[in-house]
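Visitor:
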Amino acid sequence: MMTGPPDADVTALVAAGEPGPHNPVTVAAVFWTAVTEPDGPDLEILGLVVTPESWRWWGDFGRAAALLPGCGMAAEAVPAADDPDVVYLTFRSGTGDDVMATLVRRPRLGGWRVHALGEQVRPDHVPHDR
Numbered sequence: 016m017m018t019g020p021p022d023a024d025v026t027a028l029v030a031a032g033e034p035g036p037h038n039p040v041t042v043a044a045v046f047w048t049a050v051t052e053p054d055g056p057d058l059e060i061l062g063l064v065v066t067p068e069s070w071r072w073w074g075d076f077g078r079a080a081a082l083l084p085g086c087g088m089a090a091e092a093v094p095a096a097d098d099p100d101v102v103y104l105t106f107r108s109g110t111g112d113d114v115m116a117t118l119v120r121r122p123r124l125g126g127w128r129v130h131a132l133g134e135q136v137r138p139d140h141v142p143h144d145r
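The working numbering puts the first residue of the sequence shown at 16, with every later residue one more than the last.
1) Just the C-alpha distance for Leu63 and Asp57, rounded to the nearest angstrom, thanks.
2) Expressed to the nearest angstrom, what Euclidean distance is found between the alpha-carbon atoms of Thr66 and His130?
3) Please report how far the alpha carbon of Pro122 lies from the alpha carbon of Pro39, in whole angstroms.
4) Roughly how far, in whole angstroms, is the beta-carbon of Leu118 from the beta-carbon of Arg128, given that I think they are within contact range, below 8 angstroms?
5) Gly133: which of Asp100, Gly126 and Phe76 sits nearest, CA to CA?
Here it is in structure tokens:
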């Protein structure tokens, strides 16, 4: 488990594979960093890593900004059992109040995108490029 992307364990990020938009762990790390910026969520960066379909539900990303500081990030994304284009990545808090991110592979958008934060979202409720 990483302690959060700004102070991330570089070994864990390297172990996750080639960094970039085609790596869901990298995308989750960029999301975490953009949400937890000291001056507030970086909406420009978040626009690059969040599904456009979910944008309206995020609001000002205040809920995400309240949930993620102090969380560590798992170094591995777990694929959905019935859809390899959906993965789940856990942000672990020290209190046991883990937060799950649902990511989806969106080739037309350039790679993986975060769709939701909270409980796992079933693949049939996640937008796809199929």
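We treat Cβ as the ideally placed atom computed from N, Cα and C, and that holds for glycine.
Guide: Taking the coordinates as given:
1) Cα to Cα, the separation comes out at about 10 angstroms.
2) Distance between the alpha carbons of Thr66 and His130 is about 5 angstroms.
3) Rounded to whole angstroms, Pro122 to Pro39 spans 12 angstroms at the Cα level.
4) Confirmed, Cβ separation roughly 6 angstroms.
5) For Gly133, the nearest C-alpha among the options comes from Phe76.
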